[in-house]
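According to the numbering used here, the residues represented by the sequence shown are 1 to 156, in order.
Here the structure comes first, spelled out in structure tokens, and everything after it is commentary.
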Amino acid sequence: MFDTVVVATDGSDSVTRAVDVALDLADRFDANVHALSVVDASEVDASPQQLRDELRTALETTADAALATVENHADHAVTTATREGRPAVEICEYAREVDADVVATGTRGRHGENRLLLGSVAERIVRTSPVPVLTVRQLESMQQPDEDADESTAPV
1 MFDTVVVATD
11 GSDSVTRAVD
21 VALDLADRFD
31 ANVHALSVVD
41 ASEVDASPQQ
51 LRDELRTALE
61 TTADAALATV
71 ENHADHAVTT
81 ATREGRPAVE
91 ICEYAREVDA
101 DVVATGTRGR
111 HGENRLLLGS
121 VAERIVRTSP
131 VPVLTVRQLE
141 SMQQPDEDAD
151 ESTAPV
């Protein structure tokens, strides 16, 4: 069912669990794994001209480290790529190019006003991806049921 899994990573804590889940999914289906990191061009463009080269280099270094983390956690070969542009656009385009069956991405699980103010790359990917998207919430964000709570009221 899944021959090619694309995992979008920026190295943030919210992506760590998504990487683990994507690699597990790929292992279960013996799928090829592509790890993609996108240098956000809008961050570079919004910075002062004299800092752009340094910022671009720093973001590329962060992207390389994020991709290395995926490679280090995988049990088999991972194809890696770095792009520059708008993250959601680049991720969806990459998924088309490699004929992905699923894109995995992390989410911080923001809701309401915070989501509207900060935007969400994961949400844009879900809305525009040509293939199914597996969003994985950061583990710390998930509330665990209280051990003393009645099972009938515990979250499922």
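Backbone N, C-alpha and C fix where the C-beta goes; we use that ideal spot for every residue, glycine too.
Keep in mind the model is a prediction, meaning the values are calculated, not measured.
N-terminal and C-terminal residue of the beta strand (DSSP E) that residue i is part of
i, result
"Ser37", "32-40"
Cβ shell of residue i (< 6 Å), same chain only, five flanking positions each side left out
i, result
"Ala104", "Val7, Ala18, Ala22, Leu134"
"Ser120", "none"
"Val15", "Thr9, Gly106"
Enclosing alpha helix (DSSP H) for residue i [first to last residue]
i, result
"Leu51", "Segment: none, Leu51 is in no alpha helix (DSSP H) and carries neither H nor E."
"Val121", "121-128"
"Val89", "87-97"
Straight-line Cα distance separating residue j from residue i
i, j, result
"Ser47", "Leu55", "8 Å"
"Met1", "Val126", "19 Å"
"Gln144", "Ala95", "Note on Gln144: pLDDT 48, under 50, position unreliable in the model; the coordinate value appears next. Answer to the nearest angstrom: the Cα atoms are 33 Å apart."
"Asp99", "Ala26", "15 Å"
"Glu157", "Thr82", "This structure gives no information on residue 157, because the portion of the chain shown stretches from 1 to 156."
"Ala88", "Thr79", "19 Å"
"Arg108", "Gln138", "6 Å"
"Ala149", "Val102", "Any reading at Ala149 must be qualified, since the residue scores a pLDDT of 43, below 50, and its modelled position is unreliable; the value itself is stated next. The alpha-carbon atoms of Ala149 and Val102 are separated by roughly 36 Å."
"Glu97", "Pro130", "11 Å"
"Ile91", "Glu123", "12 Å"
"Ala35", "Asp53", "24 Å"
"Arg28", "Gln49", "47 Å"
Same chain only: Cβ atoms within 7 Å of residue i, ignoring 5 sequence neighbours per side
i, result
"Ala74", "Leu23, Val33"
Whether residue i touches residue j by CB criterion (8 Å)
i, j, result
"Asp10", "Ser37", "yes"
"Ala41", "Val5", "no"
"Val39", "Leu59", "yes"
Minimum Cβ-Cβ distance from residue i to chain D less than 8 Å
i, result
"Val131", "In the structure shown, chain D cannot be found, because there is only a single protein chain."
Contact set for residue i: own chain, Cβ-Cβ below 8 Å, skip 5 residues either direction
i, result
"Glu71", "Ala35, Val78, Thr80"
Checklist entry - Touch check for the region 127-135 and the region 59-69: three-plus C-beta pairs under 8 Å? => result no
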